[in-house]
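So the sequence shown is numbered by numbering that gives the first Met the number 0: it starts at 0 and just counts up by one. Even glycine gets a Cβ: it sits at the ideal position worked out from N, Cα and C. Since we're looking at a predicted model, the values are computed, not measured.
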Amino acid sequence: MILKTVTLQEVNGLLPLVREHFFRIHVLLAHLQHLKGTVKNKPGKRLVFDEKNEFITIIKKKIKAKKYRATAREIREIEEMVEKEINDVMRLGAVIKGLVPPHIDFLSIQNQEVVLLCWHGGDAEIKHWHHFDDGSLLRQLIAQKIRFGPHL
């Protein structure tokens, strides 16, 4: 995917759409975690007390193959939906650094240098930037007079 450079104003205009995508991603991930938990915790063996002979026996409980196949198919479908949402965010020009919590960067230019405008899920707008080779740990607060974008 080819990334285009954006201005701070353009990115802040995209944030409502980005938030919608991340809301759907988080709902899907929660559902996916629940489904995977049900598959993991399916009973394969169980202990039964035989009152007649007064001992405990282990019996294998048959797993309903239809139910398991349906769950596996649903897991695949949800994983595909998550992937689609991620691709939609990337089509907006975002570089996704994290899903939970959301953390994305947008490519921009400041003083003829490539920089990344940084958004974390709780931020109302883009407030930070960092150099391309630096991580978000070295991000800097955007001063009012700093301009970002390809045509500046």
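Compare the beta carbon distance of residue i and residue j with 8 Å and say whether it is the shorter of the two.
| i | j | result |
| --- | --- | --- |
| LEU106 | THR6 | no |
| ILE141 | HIS127 | yes |
| ASP122 | LEU115 | no |
| VAL26 | LEU91 | no |
| ILE95 | LEU31 | no |
| ARG138 | CYS117 | yes |
| ILE125 | ASN11 | yes |
Kindly indicate which residue of the options has the alpha-carbon position closest to the one of residue i.
| i | options | result |
| --- | --- | --- |
| GLY97 | THR37, LEU16 and ILE85 | ILE85 |
| ASP87 | HIS20, ASN11 and LEU14 | HIS20 |
| VAL113 | ASP132, GLU79 and HIS102 | ASP132 |
| ILE74 | VAL99, ALA29, CYS117 and VAL10 | ALA29 |
| HIS102 | LEU2, ILE24 and ASN110 | ILE24 |
| GLY120 | LEU34, MET89 and LEU14 | LEU14 |
Going by DSSP, what residues sit across from residue i in a beta bridge?
| i | result |
| --- | --- |
| ASP87 | In DSSP, ASP87 forms no bridge with anything. |
| GLU112 | GLN109 |
| GLN32 | Bridge partners of GLN32: none, in fact. |
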